[in-house]
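Here's the structure, in structure tokens; my notes come after.
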Amino acid sequence: MGSGCLAALSVLESRFRSNMSRAEAMQLVRDAIAAGIFNDLGSGSNVDLCVITKESTDYIRPHDIANKKGQRAAKYNLPPGSTAVLSQKIQPVEYDVVTTRVVRDLPDPKAEAMDTT
1 MGSGCLAALS VLESRFRSNM SRAEAMQLVR DAIAAGIFND LGSGSNVDLC
51 VITKESTDYI RPHDIANKKG QRAAKYNLPP GSTAVLSQKI QPVEYDVVTT
101 RVVRDLPDPK AEAMDTT
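Letter 21 of the sequence shown, counting from 1, is numbered 21 in the UniProt record's numbering, and no numbers are missing.
Right, here's the structure in full:
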């Protein structure tokens with residue numbers, strides 16, 4: 001399970017029922033994978049299924065393309081300076097530098113040195 005698993009699991013948990021037909025189960029898994037695709041930017045766009053039965057294993061690839069790539073209406077390569085800057089405000093951000101020293105890395109003044117002779 002990858003980064004889209006939370007969305008996929010929510011679909012599986014909410015819609016699963018016992019004794020589903022093969023077509024119903026395939027649709028459920030397709031919808032779960034699609035939920036993962038649409039709710040996670042790193043999940044790709046293809047829905048691939050693998051149906052495992054006692055008799056065989058069927059790889060269905062691609063079963064569906066859930067997120068089809070659109071076509072751009074035009075090229076949007078604008079040269080620098082094409083967009084006018086109407087106003088500009090630079091506001092300094094005040095900050096404090098905080099350092100942390102981990103106590104476990106400090107030598108314990110009460111500890112005795114180990115005899116290595």
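Where a beta carbon is used, it is the ideal one built from N, C-alpha and C, also for glycine.
On a predicted model such as this, the values are computed, not experimentally measured, just so you know.
Residue 81 sits exposed, since fewer than 16 C-beta atoms from the chains shown fall within 10 Å of its C-beta.
Put simply, of 21, 29, 22 the residue whose alpha carbon is nearest the alpha carbon of residue 14 is 29.
In the DSSP assignment, residue 41 forms no beta bridge with any residue. Per DSSP, the unbroken beta strand (DSSP E) holding residue 49 starts and ends at 46-52.
Taking all protein chains shown into account, residue 90 has fewer than 16 neighbouring C-beta atoms within 10 Å of its C-beta and is therefore exposed. DSSP places residue 61 in the uninterrupted beta strand (DSSP E) bounded by 57-65. In the DSSP assignment, residue 6 falls within the alpha helix (DSSP H) that extends over 5-15. For residue 11, the CB contacts under 6 Å within the same chain, skipping 5 residues up- and downstream, are 31, 32, 35 in chain order.
Residues of the same chain with a CB within less than 7 Å of the CB of residue 4, apart from the 5 flanking positions on each side, are 36, 37, 39, 40, 43 in chain order.
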